[in-house]
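Under the working numbering, the residue at position 321 of the sequence shown is numbered 313, and the numbers go up by one with no gaps.
Ideal Cβ placement from N, Cα and C applies to all residues, glycine included.
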Amino acid sequence: MRRPDARPKASHFIDGAHVEDDRGAPIDVIYPATGETVAKVHAATPEIVNRALESADRARKDWAGLTGTERGRVLRRAADIMRERNLELSGIETIDTGKPLSETLVADATSAADALEYFGGLGGSLTGEHVQLGSDFVYTVREPLGLCVGIGAWNYPTQIAAWKGAPALACGNTMVFKPSETTPLSALKVAEILTEAGAPPGVYNVIQGAGDVGAALVSDPRVAKVSLTGSVPTGRKVYAAAAEGIRNVTMELGGKSPLLIFDDADVEDAVGGAILGNFYSSGQVCSNGTRVFVQKGVKERFLDRLSARLGNAALGDPLDEATTFGPMVSERQLRIVEDYIAKGIAEGARLVAGGERLPRDGFWMPPTVFADVTDGMTIAREEIFGPVLSVLDFDDEDEAVSRANDTPFGLSAGVFTRDLARGHRVIGRLEAGSCWINTYNLSPVEAPFGGSKMSGVGRENSKAAVDHYSQLKSVYVGMGPVEAPF
Ligand code: NDP
-7 MRRPDARPKA SHFIDGAHVE DDRGAPIDVI YPATGETVAK VHAATPEIVN RALESADRAR
53 KDWAGLTGTE RGRVLRRAAD IMRERNLELS GIETIDTGKP LSETLVADAT SAADALEYFG
113 GLGGSLTGEH VQLGSDFVYT VREPLGLCVG IGAWNYPTQI AAWKGAPALA CGNTMVFKPS
173 ETTPLSALKV AEILTEAGAP PGVYNVIQGA GDVGAALVSD PRVAKVSLTG SVPTGRKVYA
233 AAAEGIRNVT MELGGKSPLL IFDDADVEDA VGGAILGNFY SSGQVCSNGT RVFVQKGVKE
293 RFLDRLSARL GNAALGDPLD EATTFGPMVS ERQLRIVEDY IAKGIAEGAR LVAGGERLPR
353 DGFWMPPTVF ADVTDGMTIA REEIFGPVLS VLDFDDEDEA VSRANDTPFG LSAGVFTRDL
413 ARGHRVIGRL EAGSCWINTY NLSPVEAPFG GSKMSGVGRE NSKAAVDHYS QLKSVYVGMG
473 PVEAPF
């Protein structure tokens, strides 16, 4: 694909229209593959923040007043438009993030479309229930929460904007979404498409900015709910600010997930799982299985096959569909990863692949593998958020499970084994919200996604998300005389 012109019509999308206010701090949009500035947007000023919130607040009643089927129709239409424009949207996602087109064509606008289609389809079936109590009865009404704020990380900007927007809108809420300042382009497309599909002005708004804009949104009294995708330190701040106003939250935070590979596993599949769980999107995936525990009997074979298959990674122009591994999102993130690699070496891990920035423009770190990693090393304890896989070895199941659980995070976990009973038993014992047996990192909209422990609160996707974007009103109906004590 030729490099698309990714410049947006304006920085923000408010009340159904593009809005510019160049008094806001400029934000350069940098193409990670080359380091070039390809667009510029402006951060939201307090006036823009207020305009977006006002617009979402104003749109709330009418949107909630539609039937679920009517709202769902808008989302399903938006899903169709996204799929029709997949190539264009994938190009923009690639410019925004640096992820290769071979990934963005199948994992970003398409995943957003899945969410819009799925929650659009659920729209008409969001019901309460009836509970008979003798002649009296209780019924429940599923009501929207109101104005929701979505705040996104930079790794999946289209997907995050839709994974939050689709269930919020299906349940009758309105949304103000703030993408990461590192990747401001893609969410604007989601807003444009929802509007084109018939979402009334104000139902879905996007404003730009850094953490201060996010913080202003989170603490506004008009806001009923905040859904954040980000790191644990940001999660702590946002959760605390939301607590001030007793607002609902969904927190999709970081991880340091274990991937357990037993001696009896299909080694080729296990290597494939480790590649998917460490190097897709250049390792910038929250659910990655970055602690790869390999049982001793299969360790050398696993490392041999992994090294051989890494040789097939195609690092090149992300807009060329033959490329399978792209740059990191930013200079800043690359430096963070370089620091972790240096710590891994200093603390005695054995570097078996990668580890050095490529001498070319842009932010390139090749797939990096450490062996002989031990539990106490920094690279085995902290989230790196880059293409760094750590291999740890183990003797038996109990040991592997207890070491795998020895982390404050609890986002994901995976097991590779041919022993069916062991697969289920081990997954049952691992402390994580999103798990896989004999595969890794597949997250279809039908499955709940989210973490336990410090990795988060609440779930995205699936019917479970409905509970996080609606509340139940319970109505007791008395059918007989009222018996009072006096
Ligand atoms: P950050 O936590 O740095 O930022 C997340 C978002 O929060 C950004 O939009 C950021 O703005 C904003 N923000 C920062 N400070 C505040 C604040 N005080 N109040 C409100 N908003 C604020 O995460 P990254 O963008 O660096 O993303 C990487 C992290 O996201 C990793 O830890 C990763 O694991 C996690 N993640 C979790 C996922 C999940 O589903 N569990 C999925 C993807 C990523 P800005 O950056 O513009 O300053």
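Residue i beta carbon near the ligand NDP (any heavy atom closer than 8 Å)
{"i": "residue 475", "result": "no"}
{"i": "residue 375", "result": "yes"}
{"i": "residue 244", "result": "yes"}
{"i": "residue 152", "result": "yes"}
{"i": "residue 22", "result": "no"}
{"i": "residue 172", "result": "yes"}
{"i": "residue 207", "result": "yes"}
{"i": "residue 229", "result": "yes"}
{"i": "residue 329", "result": "no"}
{"i": "residue 292", "result": "no"}
{"i": "residue 419", "result": "no"}
{"i": "residue 140", "result": "no"}
{"i": "residue 225", "result": "yes"}
{"i": "residue 147", "result": "yes"}
{"i": "residue 274", "result": "no"}
{"i": "residue 452", "result": "yes"}
{"i": "residue 33", "result": "no"}
{"i": "residue 281", "result": "no"}
{"i": "residue 94", "result": "no"}
{"i": "residue 403", "result": "yes"}
Where residue i sits in the DSSP three-state scheme
{"i": "residue 238", "result": "coil"}
{"i": "residue 73", "result": "helix"}
{"i": "residue 376", "result": "coil"}
{"i": "residue 31", "result": "strand"}
{"i": "residue 87", "result": "helix"}
{"i": "residue 222", "result": "coil"}
{"i": "residue 410", "result": "coil"}
{"i": "residue 247", "result": "coil"}
{"i": "residue 474", "result": "coil"}
{"i": "residue 355", "result": "coil"}
{"i": "residue 276", "result": "coil"}
{"i": "residue -3", "result": "coil"}
{"i": "residue 455", "result": "coil"}
{"i": "residue 327", "result": "helix"}
{"i": "residue 128", "result": "strand"}
{"i": "residue 149", "result": "helix"}
{"i": "residue 271", "result": "helix"}
{"i": "residue 322", "result": "coil"}
{"i": "residue 394", "result": "helix"}
{"i": "residue 309", "result": "coil"}
{"i": "residue 437", "result": "coil"}
Residue of the options minimising C-alpha distance to residue i
{"i": "residue -4", "options": "295, 31, 363", "result": "31"}
{"i": "residue 220", "options": "118, 387, 140, 430", "result": "140"}
{"i": "residue 412", "options": "434, 96, 250, 428", "result": "428"}
{"i": "residue 102", "options": "437, 260, 366, 89", "result": "437"}
{"i": "residue 150", "options": "420, 125, 176", "result": "176"}
{"i": "residue 234", "options": "69, 415, 338, 207", "result": "207"}
{"i": "residue 223", "options": "269, 277, 214, 309", "result": "277"}
{"i": "residue 442", "options": "347, 457, 431", "result": "457"}
{"i": "residue 38", "options": "273, 209, 420", "result": "209"}
{"i": "residue 227", "options": "446, 464, 460, 466", "result": "446"}
{"i": "residue 466", "options": "314, 379, 121", "result": "121"}
Beta-bridge pairing of residue i - partner residues as DSSP gives them
{"i": "residue 464", "result": "134"}
{"i": "residue 166", "result": "139"}
{"i": "residue 362", "result": "343, 382"}
{"i": "residue 431", "result": "Answer is none; residue 431 lacks a bridge partner."}
{"i": "residue 197", "result": "168"}
{"i": "residue 4", "result": "11"}
{"i": "residue 294", "result": "In DSSP, residue 294 forms no bridge with anything."}
{"i": "residue 402", "result": "444"}
{"i": "residue 110", "result": "For residue 110, which the question treats as bridged, DSSP gives no partner whatsoever."}
{"i": "residue 253", "result": "286, 408"}
{"i": "residue 215", "result": "139"}
{"i": "residue 23", "result": "28"}
Original post:
Do the region 19 to 26 and the region 112 to 128 make contact, defined as three or more Cβ pairs closer than 8 Å?
Top reply: By the criterion of at least three beta-carbon pairs nearer than 8 Å, the region 19 to 26 is not in contact with the region 112 to 128.
Subject >> Contact the region 153 to 167 vs the region -4 to 5: 3+ CB pairs below 8 Å >> reply: By the Cβ criterion, the region 153 to 167 is not in contact with the region -4 to 5, since fewer than three pairs of Cβ atoms, one from each stretch, lie closer than 8 Å.
Original post:
Are the region 340 to 358 and the region 316 to 323 touching by the rule of at least three beta carbon pairs closer than 8 Å?
Top reply: Yes, the region 340 to 358 touches the region 316 to 323.
Subject >> the region 237 to 255 in contact with the region 30 to 47 per 3-pair CB rule at 8 Å >> reply: At 8 Å Cβ cutoff, the stretches do not touch.
Subject >> Contact the region 178 to 191 vs the region 116 to 132: 3+ CB pairs below 8 Å >> reply: Taking 8 Å as the limit for Cβ pairs, the verdict is that the region 116 to 132 does not touch the region 178 to 191.
**OP:** Pair every Cβ in the region 399 to 413 with every Cβ in the region 244 to 255, then say whether three or more of these pairs are closer than 8 Å.
**Re:** The answer is yes - the region 244 to 255 touches the region 399 to 413, with three or more Cβ pairs under 8 Å.
**OP:** Indicate whether the contact test is met: 3 or more Cβ pairs, each with one atom in the region 188 to 195 and one in the region 68 to 81, closer than 8 Å.
**Re:** Output reads yes: the region 68 to 81 touches the region 188 to 195.
Original post:
Would you call the region 365 to 382 and the region 334 to 346 touching, i.e. three or more CB-CB distances under 8 Å?
Top reply: Two segments are said to touch when three or more pairs of C-beta atoms, one from each, lie closer than 8 Å; by this definition the region 365 to 382 touches the region 334 to 346.
**OP:** Evaluate contact between the region 91 to 107 and the region 301 to 316, counting only Cβ atoms and requiring at least three cross-stretch pairs below 8 Å.
**Re:** Yes, the region 91 to 107 touches the region 301 to 316.
Original post:
Three or more C-beta pairs closer than 8 Å, one from the region 439 to 455 and one from the region 415 to 428: is that the case here?
Top reply: Enough Cβ pairs lie closer than 8 Å, so yes.
Original post:
Is it true that the region 280 to 287 meets the region 377 to 386, where meeting means three or more beta-carbon pairs spaced less than 8 Å apart?
Top reply: Yes, the region 280 to 287 touches the region 377 to 386.
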